[in-house]
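Asker: Supplied in structure tokens, the structure appears directly below.
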Amino acid sequence: MGSFGMLSRRALGTDVPVMTQIRRLMAELTNPMSLAQGVVYWQPPQKALEKVKELVWDPTVSSYGPDEGIPELREALKNKMREENKLTKSAVMVTAGANQAFVNLVLALCDPGDSVIMFEPYYFNAYMAFQMTGVTDIIIGPGHPETLYPDADWLEKTLSESKPTPKVVTVVNPGNPSGTYVPEPLLKRISEICKASGCWLIVDNTYEYFMYDGLKHSCIEGDHIVNVFSFSKTYGMMGWRLGYIAYSERLDGFATELLKIQDNIPICASIISQRLAIYALEEGAGWITERVKGLVKNREIVKEALTPLGKENVKGGEGAIYLWAKLPEGHRDAFKVVRWLAHRHGVVVIPGGASGCPGHIRVSFGGLKEEEMRAAAERLRKGLEELVNHGMVE
Ligand SMILES: Cc1ncc(COP(=O)(O)O)c(C=O)c1O
């Protein structure tokens with residue numbers, strides 16, 4: 001018997017992406033409003049777009065560039081990381097988004113059969129990156145029941161008891177899907193625990209600027225730490241596909257292995273996207289924080305819409321663009337509720353099962369301007385009221 005028609009066990013064993021299921025669901029509806037996808041409503045800085053418009057005839061934009069990213073962008077990123085993230089000993093590789101950065105890292109750091117650690121509720125794409133590369137022993141650690149912070153005591157115990165030691169621990173700060181922020185002392189403790197056990201720590205900082213209520217995001221650096229960043233939400237560059245990896249410049253061989261992977265996936269991140277990123281960085285952090293400030297109102301609107309579930313069941317949201325809510329008892333299959341909300345109330349959210357937490361939903365407050373957000377939130381509030389009082393009536 002030949003192999004035609006036989007698909008890899010790795011691919012078959014990987015979750016179906018929740019966003020493709022959500023897109024399919026949206027296509028069934030006539031006038032859906034989305035609180036589902038993790039996007040921001042703004043576009044890249046206008047000045048940066050204007051400059052890039054002139055570059056389309058530049059032949060270098062249509063050619064390949066260095067695998068690790070164009071030198072001017074890497075230099076600008078090193079400055080940004082030094083000044084804003086206090087990362088002074090990090091080398092940088094530019095990737096086609098933070099998701100590709102994460103896959104590069106899993107391929108560079110893990111072998112099939114290795115075990116790794118994530119915390120619930122976890123970022124679904126990171127989970128899938130492990131699954132699809134054969135890293136199927138994914139140990140899920142608990143979050144604190146109130147704050148959802150990763151449980152460092154559990155991590156310490158688990159790392160000391162697991163043989164062989166898990167290869168990678170990963171956290172998202174602030175989190176997707178919870179919007180929970182990891183305070184610096186906790187991040188440092190997690191890092192110390194990883195270091196003592198000889199395991200890597202990958203920190204996903206995609207939402208580094210998305211912090212509210214005076215809280216401050218921070219990064220940490222070390223030979224066992226890899227930081228991942230993204231241009232997607234910060235500069236509204238989702239479709240330009242640009243992110244980067246920061247890793248210790250002291251690590252022997254790390255860059256060589258990363259380059260093998262990079263050269264076989266995108267070769268290099270899109271050159272015009274990298275040029276746009278250089279211009280966007282000229283606008284600086286202030287450009288982003290100005291827009292993030294505007295999301296505070298959106299968060300309030302969505303929080304209000306979630307009140308039918310009970311205040312105690314709505315968590316997270318001190319960072320990123322998400323609130324995380326527990327559905328009433330008896331609704332473990334959150335996708336069923338998501339479909340019902342979509343068809344009956346015209347509003348779409350993400351089911352928590354995609355992040356390892358049945359009976360929950362993730363609601364994004366980043367993708368709509370205030371007025372549209374009010375309309376979407378009103379649909380959500382009505383839907384949740386009906387769910388709580390009467391169940392999923394047809
Ligand atoms: C935590 C996290 N990491 C990575 C990504 C993907 O980012 P990118 O668009 O840069 O691939 C997202 C997007 O939602 C995210 O929430």
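If you read the sequence shown in full-length UniProt numbering, its first letter stands for residue 1, the second for the next number, and so on.
Every residue, glycine too, gets a C-beta built ideally from N, C-alpha and C.
This structure is a prediction, so every number in the text was calculated from the model and none was measured.
1. Rounded to whole angstroms, what's the CA-CA distance from Met211 to Lys51? Just pull it up for me.
2. Can we count Met118 as close to ligand 1, meaning its CB is less than 7 Å from some heavy atom?
3. Let me know if Val228 comes out buried or exposed under the rule of 16 or more other beta-carbons within 10 Å of its beta-carbon.
4. Just the residues with CB closer than 5 Å to a heavy atom of ligand 1, in chain order, which are they?
5. In terms of residue numbering, what span does the alpha helix (DSSP H) encompassing Val388 cover?
6. With which residues is Ala246 paired in a DSSP beta bridge?
7. Buried or exposed: which applies to Pro164, given that a residue is buried once 16 or more other Cβ atoms fall within 10 Å of its Cβ?
8. Measure the C-alpha to C-alpha separation of Cys110 and Val135 and round it to an integer number of angstroms.
9. Does the region 71-91 come into contact with the region 271-281, if we say contact requires no fewer than three beta-carbon pairs (one atom in each stretch) closer than 8 Å?
10. When the Cβ atoms of the region 169-179 are set against those of the region 200-208, are three or more pairs found closer than 8 Å?
11. Do you know how far the Cα of Gln46 is from the Cα of Val92?
12. What residue from Ala96, Glu249, Ala36 and Asp15 has the CA that sits closest to Ile265's CA?
13. Would you call the region 143-157 and the region 36-46 in contact, with 3 or more CB pairs under 8 Å?
14. For the beta strand (DSSP E) holding Lys326, just list the boundary residues, first then last.
15. Would you give the residue range spanned by the beta strand (DSSP E) that Trp200 belongs to?
16. Between residue 466 and the rest of its own chain, which residues show a CB-CB distance below 8 Å, the 5 nearest in sequence each way excluded?
17. Rounded to whole angstroms, what's the CA-CA distance from Ile361 to Ala320? Just pull it up for me.
18. Do you know offhand how far Lys315's Cα is from Trp324's?
19. Quick check: what's the CA-CA separation for His217 versus Arg299?
20. Mapping the DSSP letters down to three states, classify Val302 as helix, strand or coil.
21. In its own chain, which residues sit with a C-beta less than 8 Å from the C-beta of Val337, not counting the 5 before and 5 after it?
22. Could you work out which residue in Val292, Leu368 and Glu318 is closest to Ser178 when comparing CA atoms only?
23. Sorted by chain position, which residues of the same chain lie with C-beta nearer than 6 Å to Pro32's C-beta, five sequence neighbours on each side aside?
24. Entirely within the region 315-368 and at least 3 residues each: give me those beta strand (DSSP E) ranges in chain order.
25. Among Tyr247, Leu159 and Thr88, which residue has its Cα nearest to the Cα of Asn104?
26. Nearest-angstrom Cα distance between Ile225 and Asn389?
Answerer: So, to answer that:
1. Position 211 of the sequence shown, counting from 1, holds the residue named residue 211. Position 51 of the sequence shown, counting from 1, holds the residue named residue 51. Met211 and Lys51: Cα-Cα distance of roughly 29 Å.
2. As a working mapping, residue 118 is identified with position 118 in the sequence shown. The answer is no for Met118.
3. Indexing the sequence shown from 1 puts residue 228 at position 228. Per the 10 Å Cβ criterion, buried.
4. Gly38, Gly97, Ala98, Asn99, Tyr123, Val172, Asn176, Asp204, Thr206, Ser230, Ser232 and Gly243
5. Your numbering for residue 388 matches position 388 in the sequence shown. Counting along the chain, the alpha helix (DSSP H) containing Val388 begins and ends at Glu370 to His390.
6. Your numbering for residue 246 matches position 246 in the sequence shown. Answer by DSSP bridge pairing, in chain order: Val92 and Asn227.
7. Reading the sequence shown from its first residue, position 164 is the one you call residue 164. It counts as exposed.
8. Indexing the sequence shown from 1 puts residue 110 at position 110. Indexing the sequence shown from 1 puts residue 135 at position 135. If you take the alpha carbons of Cys110 and Val135, they lie about 7 Å apart.
9. yes
10. yes
11. Within the sequence shown, residue 92 is the residue found at index 92, counting from 1. Within the sequence shown, residue 46 is the residue found at index 46, counting from 1. Going from the Cα of Val92 to the Cα of Gln46 covers about 26 Å.
12. Locating residue 265 in the sequence shown gives position 265, counting from the first residue. Considering only alpha carbons, the answer is Ala96.
13. no
14. If you number the sequence shown from 1, residue 326 lands on position 326. Residues Tyr322 to Lys326.
15. For the purposes of this step, residue 200 is taken as residue 200 along the sequence shown, with counting starting at 1. Trp200 to Asp204 is the extent of the beta strand (DSSP E) around Trp200.
16. For residue 466 there is no data in the structure shown, the boundaries of the chain being 1 and 394.
17. By 1-based counting over the sequence shown, the position of residue 361 is 361. By 1-based counting over the sequence shown, the position of residue 320 is 320. Between Ile361 and Ala320, the C-alpha separation is close to 15 Å.
18. Working through the sequence shown from its first residue, we reach residue 315 at position 315. Working through the sequence shown from its first residue, we reach residue 324 at position 324. Their backbone Cα atoms lie some 5 Å apart in a straight line.
19. Here residue 217 refers to the residue found at position 217 when the sequence shown is read from its first residue. Here residue 299 refers to the residue found at position 299 when the sequence shown is read from its first residue. If you take the alpha carbons of His217 and Arg299, they lie about 18 Å apart.
20. For the purposes of this step, residue 302 is identified with residue 302 of the sequence shown, where counting begins at 1. Looking at Val302 - three-state DSSP - the assignment turns out to be helix.
21. Along the sequence shown, one-based indexing puts residue 337 at 337. Cβ neighbours of Val337 beyond the five flanking positions: Leu327, His331, Pro351, Ile361, Leu387 and Met392.
22. What you label residue 178 is simply residue 178 of the sequence shown in a count that begins at 1. Ranking the options by Cα distance to Ser178, first place goes to Glu318.
23. Along the sequence shown, read from residue 1 onward, the residue named residue 32 stands at position 32. Closer than 6 Å at Cβ, skipping near neighbours: Met26, Gly346 and Val348.
24. 322-326 and 360-364
25. On the sequence shown, residue 104 is found 104 positions in, with the first residue counted as 1. That would be Tyr247, whose Cα lies nearest to the Cα of Asn104.
26. Here residue 225 refers to the residue found at position 225 of the sequence shown. Here residue 389 refers to the residue found at position 389 of the sequence shown. In a straight line, the C-alpha of Ile225 is about 48 Å away from that of Asn389.
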